[in-house]
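Residues are numbered in the working numbering as their position in the sequence shown, beginning at 1, plus a constant of 4.
Built from N, CA and C at the ideal position, the CB exists for glycine as well.
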Amino acid sequence: MPIYEYTCPKCGHAFEELVRSADADRQKCPKCGTKAERQISVFSAAVASPSSGGDLPPSCRSCGMDPSSCPNRM
Ligand SMILES: [Zn+2]
């Protein structure tokens, strides 16, 4: 399943959810319950949201591979 990134239009809370594509547009903000807006930037999630608390290592922006083995790293 893909990971989607959401931002709440009401309180600004950003979060990520591992959801089926059928449920991708029906996620609500865990803080206030407002329908969240889905963001498109799946590949930049690891570097763009340090507040998520995840332990994902940084990955190549262009292909998502480990930077040490990516030929296209920036
Ligand atoms: Zn909210």
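Rounded straight-line distance, which links the Cα of residue j to that of residue i
{"i": "Arg24", "j": "Gly68", "result": "20 Å"}
{"i": "Ser72", "j": "Tyr8", "result": "25 Å"}
{"i": "Lys32", "j": "Pro75", "result": "38 Å"}
{"i": "Gln43", "j": "His17", "result": "12 Å"}
{"i": "Leu22", "j": "Pro6", "result": "6 Å"}
Local conformation of residue i per DSSP, three classes
{"i": "Ala28", "result": "coil"}
{"i": "Ala18", "result": "strand"}
{"i": "Arg42", "result": "strand"}
Residue environment, residue i, which counts as buried when at least 16 other CB atoms sit within 10 Å
{"i": "Ala40", "result": "buried"}
{"i": "Cys36", "result": "exposed"}
{"i": "Cys12", "result": "buried"}
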